[in-house]
Amino acid sequence: MVPIPFDNTYARLPPRFYSRLAPQPVAAPSPIQVNGELATRLGIDLDFLESEAGTELLAGNRVVEGADPIATAYAGHQFGHFNPRLGDGRALLLGEVLGSDGARYDLQWKGSGRTPYSRGGDGRSPLGPVLREYIVSEAMTALGIPSTRSLAAVATGEPVFRERPLPGGVLLRVARSHIRVGTFEYFASQRDDEGLELLVEHAMSRHYPELLETGAPALSFLQGVAERQAELVARWQLVGFIHGVMNTDNMLISGETIDYGPCAFMDTYDPKTVFSSIDHHGRYAYQNQPAIARWNLACLARALLPVCGGDETETVAAAQAVIDGFPDRFASSFQVGLRRKLGLSTHQAGDEELCEDLLRGFEAAHLDFTLGFRQLTILANPDPDPEETQHVEQHIGPLPDGLTGWLARWRQRLERDPRPATQRAADMRNHNPFFIPRNHGVEAAIRAAEDDGDFQPFRILVDAVTSPRHFRADRADLARPPEAHEEVKQTFCGT
Ligand code: AMP
Ligand code: MG
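Here it is as structure tokens:
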């Protein structure tokens, strides 16, 4: 029996798109977590994945029939500076499968050893970043935010040497594809127009097939990517997600979130929040994320120009119009999302001010972003859960005095909204999660795993954040802001 029904297309592109090589086996692989729901979606036999042979596959100790491992080539702008040769330095694509939902998915090992793109790195990953990516990517998915996913995490039984020896891990990452803005920049910087054209065609037929027949496919593609990025970054902002390293090699043209290195969710609302230890100038701060997405799209536009065809001046103007239209697109997605968070089912005059004033009030009161919105959800609910109400009050207190006037305005606005209150409350719960992967919770789960080999806190956290909308008393401790001593002020890239 073939355990995984591979159907590889990227590996059939010309050899200059990748390097073909096998993963490097690890000493003593042991399973940590297999994602049963995702395995089923991919049509992969769960019993196989959970068997010893499955663990060997997940760790890269075994290459199953139909897999065709390749490390893909890409470039990228890192913190604004162009690097012409990055590529999968610690990742390897096993191949692609067609899921039971009809969609095509990449399966990729992360931490499977050195590749021709590893530069000085060891191609390995400590366990911590593997667990962090598993937790946060699955939380994002549960929050309805497009994201790469995690099929499994395994421990390698080998140390990885950073400032100190750390236990190693491998993540099996799943994505609609791993094609990045930086992949286009790679071929553009080599002045390889033929490669660029092949890449545009491949990417479009995978992600934007409906745009292939338009008069100017490369421009339509740019527009399509811009639309998905506007929606994606709006969704990040609406849950307080800070990506942390929005380099162009970390932006997928499928519109999924990728690279969970230094990412973090804000606890206290402050638009200037930065977590990443290497982001000295706050380039990738929460409030800068929309502008950076636009900047990255301009890099994509530049890379695509040679294959846009038509009159050069007109093409540049058309591409510029797409980039210039991005802020409005983002703002409109963000406003729609904010109205949903506030339980508004219609758009009325004054809604923008209402939203802005709320966020200003959150900032002034140093309010917890997630529980602040959850408190509004409780206030709008004619029949709130007393236990949940108590939890929220205990951790953030009553709504701050500074928001009293705002609250009256919001209540008046709700009276002018046509929906029944119970329906509104249910909808608000869907858009204002109770559980997010809080940094101190993620950190505690990683500490238990790395220091004591105890994966139970990791499993409990995954369980909570993958059902983020409903209050659960037995997991409520994972839905509180950190105590002062628990606060995580800095995050680190997963290298
Ligand atoms: P990232 O910070 O994850 O976006 O990675 C940027 C680049 O560095 C990519 O080309 C990675 O493959 C590469 N890289 C990161 N960590 C390692 C490592 N431990 N070994 C080899 N390459 C790495
Ligand atoms: Mg990356």
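In this text, residue positions in the sequence shown follow our numbering: the first is 12, and each later residue adds one. Beta carbons: idealized from backbone N, C-alpha and C, even for Gly.
The ligand AMP heavy atom lying under 6 Å from the CB of residue i
i: Gly132; result: yes
i: Asn504; result: The sequence given here places Cys at residue 504; Asn does not occur at that position. Checking the Cβ of Cys504 against the ligand AMP gives yes.
i: Leu369; result: no
i: Arg8; result: Given that the chain is displayed from residue 12 to residue 506, the structure contains no residue 8 and the question cannot be resolved.
i: Asn443; result: no
i: Asn94; result: no
i: Asn261; result: yes
i: Ser129; result: yes
i: Asp515; result: The chain is shown only over 12 to 506; residue 515 falls outside these bounds and no answer can be derived.
i: Leu138; result: no
i: Leu97; result: yes
Whole-Å CB distance - residue i paired with residue j, under 8 Å assumed
i: Glu107; j: Tyr21; result: 7 Å
i: Leu97; j: Gly87; result: 5 Å
i: Gln298; j: Pro282; result: 4 Å
i: Arg191; j: Ile264; result: 7 Å
i: Thr83; j: His189; result: 6 Å
i: Pro40; j: Thr167; result: 6 Å
i: Val75; j: Pro137; result: Actually they are not in contact, since the Cβ atoms of Val75 and Pro137 sit about 26 Å apart, beyond 8 Å.
i: Ala314; j: Phe445; result: Wrong, their Cβ atoms sit about 41 Å apart, outside the cutoff.
i: Asp19; j: Asp58; result: According to the sequence shown, residue 19 is Asn rather than Asp. Actually they do not touch by this definition, with Cβ atoms about 24 Å apart.
i: Gly193; j: Thr284; result: Gly193 to Thr284, Cβ: 26 Å. No contact.
i: Ala245; j: Gly155; result: Contact doesn't hold; Cβ gap of about 12 Å is too wide.
i: Glu267; j: Ala186; result: 6 Å
i: Leu222; j: Met215; result: 6 Å
i: Pro409; j: Leu378; result: Not confirmed; about 11 Å, so no contact.
Collapsed DSSP secondary structure at residue i in the structure displayed
i: Arg124; result: Going by the sequence as given, residue 124 is Gly instead of Arg. Here Gly124 sits in coil by DSSP.
i: Phe172; result: strand
i: Ser111; result: coil
i: His88; result: strand
i: Arg52; result: helix
i: Met215; result: helix
i: Gln35; result: coil
i: Phe466; result: coil
i: Ile156; result: coil
i: Ser265; result: coil
i: Tyr280; result: coil
i: Thr324; result: helix
i: Gly413; result: helix
i: Ile81; result: strand
i: Val13; result: coil
i: Leu311; result: helix
i: Ile43; result: strand
i: Tyr145; result: helix
i: Asn299; result: helix
i: Gln119; result: strand
i: Thr225; result: coil
i: Phe232; result: helix
i: Gly139; result: helix
i: Leu104; result: strand
i: Phe286; result: coil
i: Tyr21; result: helix
i: Phe59; result: helix
CB contact below 7 Å: residue i versus chain D
i: Gly87; result: Note that chain D does not occur in the displayed structure, where there is just one protein chain.
Any non-hydrogen atom of the ligand MG within 6 Å of residue i CB
i: Val396; result: The sequence shown places Asp at residue 396, rather than the Val named in the question. No, since every heavy atom of the ligand MG falls outside the 6 Å radius drawn around the Cβ of Asp396.
i: Gly339; result: Position check: residue 339 holds Asp in this sequence, whereas Gly was assumed. Answer for Asp339: no, Cβ out of range of the ligand MG.
i: Asp428; result: no
i: Asp270; result: yes
Residue i beta carbon near the ligand HEM (any heavy atom closer than 6 Å)
i: Leu183; result: With respect to the ligand HEM, the structure shown offers nothing to examine, as its ligands consist of the ligand AMP and the ligand MG.
Checklist entry - Is it a yes or a no for the region 306-325 touching the region 225-233, going by three-plus beta-carbon pairs under 8 Å? => result yes
Checklist entry - Going along the chain, which unbroken runs of the beta strand (DSSP E) with 3 or more residues stay wholly within the region 158-209? => result 160-172 and 176-186
Next on the checklist: Could you check whether the region 163-179 touches the region 50-69, counting it as contact only if at least three pairs of C-beta atoms, one from each stretch, sit closer than 8 Å?
Outcome noted: yes
Checklist entry - Any contact of the region 144-162 with the region 245-259, i.e. 3+ C-beta pairs under 8 Å? => result yes
Item to check | Stretch pair the region 429-436 + the region 473-485: three plus CB contacts closer than 8 Å | outcome: no
Item to check | Inter-stretch contact (C-beta, 8 Å, three-pair minimum) for the region 403-417 and the region 372-391 | outcome: yes
Next on the checklist: Under 8 Å: do the region 135-149 and the region 170-188 share three or more Cβ pairs, one atom per stretch?
Outcome noted: yes
Next on the checklist: I'd like to know if the region 68-79 and the region 19-34 are in contact, where contact means that at least 3 CB-CB pairs between them fall below 8 Å.
Outcome noted: yes
Checklist entry - Fully enclosed by the region 440-495, which alpha helix (DSSP H) runs are 4 residues long or longer? => result 450-463 and 467-476
Checklist entry - Taking three-plus beta-carbon pairs below 8 Å as touching, is the region 39-57 in contact with the region 111-124? => result yes
Checklist entry - Between the region 417-425 and the region 445-456, are three or more C-beta pairs nearer than 8 Å? => result no
Checklist entry - What are the uninterrupted segments assigned as beta strand (DSSP E) that are 3 or more residues long and contained completely in the region 322-404, given in chain order? => result none
Next on the checklist: With three or more beta-carbon pairs closer than 8 Å as the criterion, would you say the region 233-244 touches the region 492-505?
Outcome noted: no
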